[in-house]
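These notes are about the structure you will find just below.
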Amino acid sequence: GGEGRGPPGSAPPKLGGSRLGSGGDDDEEVLEHPWEDILKLLKSVQKRRSSRRWEQGEGGAGLVSGGKTPKSTSKLGAGGSRSPPDPPQDKSKPVEGSMPVPKNLKERDPVRVSCNDLHGLLLPGGHKGEEKIRVMKPNGKSGEDMRAVEFERLAGKGAAKKWKTSVRVIDKSGDVGVPVSQWLMDQGKAFGEKVVKRQVGVYWPMDNVMYKGTLVEYNEGTGEHEILYQDGVKEWIYLCLQTFIYLDENAEFREQVEVSEAERACLEVKPLGVRCNTLQGVLLPSSRRGEEQVRIVNPATRGKGEEVKASEFERRAGKGSAKKWRSSIHVTLPDGGSGPSVQEWLQDKGSKLGSSVVGRSIAIYWPNDKCFYKANVTDYVEKSGEHEVEYGEDDYENIHICLHTIKWLDGAEPTAASKKRAHSDDEDDGAEQGRSGASKRSRA
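In terms of our numbering, the sequence shown has 137 at position 134, counting the first letter as 1, and numbering is strictly consecutive.
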C-alpha cells in the first residue's frame, strides 16, 4: 500500500541512521529524521552549493578537482552521492588561492531578459547549472530570485528545458533581442582566445572573496572559458557573467605609447619628502596601490638609505600599531618641518584635478616595464583623491595622478597638475626615478 511507503495510515518512514533490536518487532529498522528535517537539510545544501568553502570535496556544484564534472555525477555531493561532503571545520582559514576583494571592485551589472511576457534580470556570479534570474514585477519592482530553469517554467516554456534558448536578452532600446545562448556566445567571442593563459581573480559572492586562477581554454561554440583555480579546481564559466580582474603582468595586452627619453625626463615626478616621528624619508612615485615604497634618508648625511614598504616605514617609526600609514606619515615642508599627513596631501592634490579630467586619455609610465601605457581616466574618488584609470576592458586600477609620471594625450596638462606635484627635501633623491614595487596592476 501507499506505493511502497508502508500500509495506509502508517507514519512515513524516517531517514537517517538505524538501530537494530534483539528480535521480533523490535528488529525493524528505525530511521531517525522526519521528512521535514530532510527537506530543510536539502534546502540548506542548495543554499551552500555556490560556496567554494563547501565544495572542497570531490565534485560539488559542477566543480571537480583536476577536471570537468561527468554528466552522470550528482551536483549535490561527492562521487555522485546525494549526501553533501562534510564542510571544512575551520571556516576562518582561507581557501588556497583566495584573495581579499578589492575595496573599489565594481560587480558586473545584471542582464535584462525576457521569456514570453515575463521579465527579469540575469544575475552575475552564477556558476554553470546554477544561473539565477530575478523576476521583475510589472510595476518595475524586484521580485523573487530563482534558477533560470525555474524562470523558464514560470514563463510557460518549461517543456523546452533549454532556458538559454527560451530566455532572450532585452537590448539597450528595450526590444527583445537574441536568445541568451547567442548573446553569451557573442560576449565570449569578444574575449576569445586572446585571454587564454591569462591569470584572473574571480569574485564568489557567497564567500565574499576572490579566487585566483588561469584561463586555460576557450569554447567557441558556447562562448565559455575554462578556468583552472590555484587549488586545482576546474570549471567552465561565462566571463561576461562573472565579476573578475586580471592579475597577470602580460604587457602584450596593454597599448604602449612612444615617448622619448628626453620627454620622459621632463614629465618625471619627483619623490615626496616625508617623515614619521623622527624618521625621515622620501615616498617614491610610480608605485602601484598597496605597494608604495619609502626610501629612508639619513638627515645628518643626507644619504640614501634602505627602501621599504610604506607600512614598514610606519612601523620603524614606532607607529606600526596604527596600521594607517597615510595618516601616520606626514609630508616634509620646505623648511624641514612636518606638514599635512600624506592622506590629506593626496586628497588635496586629487581634488584640484577632480572630475574635470574624467574622460581624458593619458599615458602612464611603468618604471619596471620601462614604457608608457595608454589609459583612460574613468572616475574620480573624492574620499581618497584617487582617479580610476582603465587600460582595457576589465583592466583598471586606482592611482594618485600626482604620484605618477603622466603624459596627457588629448590636450594640454591640466593647470592644477603642476610640475611641483611632489616635493622632496633632498635634491639628489628628487632627480632619481621612482620605482614600482611590482609590475602588477591591482586595485587591492
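C-beta: ideal position from N, C-alpha, C; glycine also.
As the structure is a prediction and not an experimental result, all values here were calculated from the model.
Query	Result
Three-state class that DSSP yields for D398 in the structure shown	strand
Per-residue DSSP class, three states only, for S341	strand
For A303, three-class secondary structure by DSSP	coil
Rounded C-alpha distance that separates Q59 from Q233	Residue placement at Q59 cannot be trusted, given a pLDDT of 46 that sits under 50; the coordinates are not used to answer.
Option in G226, L121, E317 with minimal Cα separation from I173	L121
D351, buried or exposed, once every other Cβ within 10 Å from all chains shown has been counted against 16	exposed
Coarse secondary structure for L218, derived from DSSP in three states	strand
Under the three-state DSSP convention, the category L287 falls into	coil
Exposure label - K160; buried when at least 16 CB within 10 Å	buried
Beta-carbon spacing of V277, F247 below 9 angstroms	no
DSSP-derived helix/strand/coil call for R2	Given a span of 4 to 447 for the chain in the structure shown, any question on residue 2 remains unanswerable.
Neighbourhood of E227 by C-beta distance below 7 angstroms, restricted to the same chain and skipping five residues each side	G191, W239, I240, Y241
Residues near P3 by beta carbon distance below 6 angstroms, same chain, minus five either side	Limits of the chain in this structure are 4 at one end and 447 at the other, which puts residue 3 out of reach.
Meets three-Cβ-pair contact criterion under 8 angstroms: the region 307–316 and the region 360–370	no
Where L187 sits in the DSSP three-state scheme	helix
Which listed residue (P127, H390, G323, V104) has its alpha carbon closest to that of V212	V104
Same chain only: Cβ atoms within 7 angstroms of S324, ignoring 5 sequence neighbours per side	none
Integer Cβ distance of P182 from K167, believed to fall under 8 angstroms	6 angstroms
Bounding residues of the alpha helix (DSSP H) (the contiguous stretch that carries A151)	151–157
Bridge partner(s) assigned by DSSP for N371	BP columns for N371 are empty, so no partner.
Between the CA atoms of S289 and G180 - distance to the nearest angstrom	45 angstroms
For I240, three-class secondary structure by DSSP	strand
Buried versus exposed call for K135 [16 or more other C-beta atoms within 10 Å across all chains shown]	buried
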